[in-house]
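Student: I'd like to ask you about the structure that follows.
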Amino acid sequence: MKNLETDRLILRRVRLEDVNDLYEYSSDDRVQIPAGSKKVYNIFEMMKRIEKLIKRDDILVIELKSNRKVIGAIGAYNLTYNDIIERHIGFELNYDYWNNGYITEACNVVIKYLFEELNMDRVAMSHYPFNKTSERVAQKLGFTKEGILRKEDKIATGEIVDRIIYSIIKDEYFERLQGGKSNE
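Each residue of the sequence shown is one higher than the one before, starting from 43 at the first, in the working numbering.
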């Protein structure tokens, strides 16, 4: 993905110097368990993860314009089945920045990029039933709940949990634009 911007955020490729900001939330169970990510236990582990992330073009960090702090990450992972071009959005956000609209803002600009520049057929996202914050994000973005994958993931606590799937298709996205509906 290319770098993207909103009024408050810069979405850009990860850099080695992001290590401390990324470690701050990557070592926090309040962020990692609901996101379905593996917790990082030290800076060395975080550096190893960053070295892998730098090589990927489907993940961007979320940086505040106001102070240049990296507060999260967003990815748009490639899923193509039967010639349907799709991306699955996933995100993490430093717990200290929850409930400020940052993820909705970041998702909106990524979704716009996916449909308007990459010509995706559909964009999907998912969350665990206990992750009510991501459920609200999906609703704000205008995604449609498709269903539940039962006992789909084993999370860090060892529990096997369901995954709730949402999507928005190209026609719905452009209908919202035509109708003047904003997802912000």
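Glycine is no exception: its CB is placed at the ideal position from the N, C-alpha and C atoms.
Please name the residue, chosen from Asn150, Lys174, Arg205, that lies closest to arginine 50 on a Cα-to-Cα basis.
Tutor: Asn150
Student: If contact is defined by three or more beta carbon pairs under 8 Å, each pair taking one atom from either stretch, is the region 107 to 118 in contact with the region 126 to 134?
Tutor: yes
Student: By Cβ distance, which residues of its chain are closer than 7 Å to asparagine 173, with the 5 residues on each side in sequence left out?
Tutor: Pro76
Student: In the DSSP assignment, find the unbroken beta strand (DSSP E) run with tyrosine 215 in it and report its ends.
Tutor: Careful: tyrosine 215 lies outside any beta strand (DSSP E), inside the alpha helix (DSSP H) at 212 to 221.
Student: Between the C-alpha atoms of glycine 184 and arginine 205, what's the straight-line distance to the nearest angstrom?
Tutor: 18 Å
Student: Could you give the distance in angstroms between the alpha-carbon of aspartate 195 and the alpha-carbon of serine 79?
Tutor: 11 Å
Student: With distance defined between alpha-carbon atoms, name the residue in Asp163, Glu158, Asp125, Glu105 nearest to tyrosine 139.
Tutor: Glu105
Student: Return the Cβ separation of arginine 54 and asparagine 45 in integer angstroms, given the expectation that the two are a contact with Cβ distance under 8 Å.
Tutor: 5 Å
Student: In angstroms with no decimal places, state the Cα-to-Cα distance between methionine 89 and glutamate 66.
Tutor: 13 Å
Student: Given this structure, state the Cα-to-Cα distance separating methionine 167 from aspartate 71, to the nearest angstrom.
Tutor: 21 Å
Student: CB-CB under 7 Å to valine 107, same chain, minus the five flanking residues each way: which ones, in chain order?
Tutor: A small fix is needed here, since residue 107 is lysine in this sequence, not valine. Same-chain partners within the cutoff: Arg50, Leu51, Ile52.
Student: Using the Cβ count rule (16 or more neighbours within 10 Å means buried), how would you classify alanine 148?
Tutor: buried
Student: Give me the Cβ distance between methionine 43 and leucine 102, rounded to the nearest whole Å; I'm assuming they're in contact under 8 Å.
Tutor: 6 Å
Student: Can you tell me the Cα-Cα spacing of isoleucine 113 and phenylalanine 133, whole angstroms?
Tutor: 11 Å
Student: Judging by CA-CA distance, which residue of Gly189, Ser176, Thr199 is the nearest neighbour of isoleucine 145?
Tutor: Ser176
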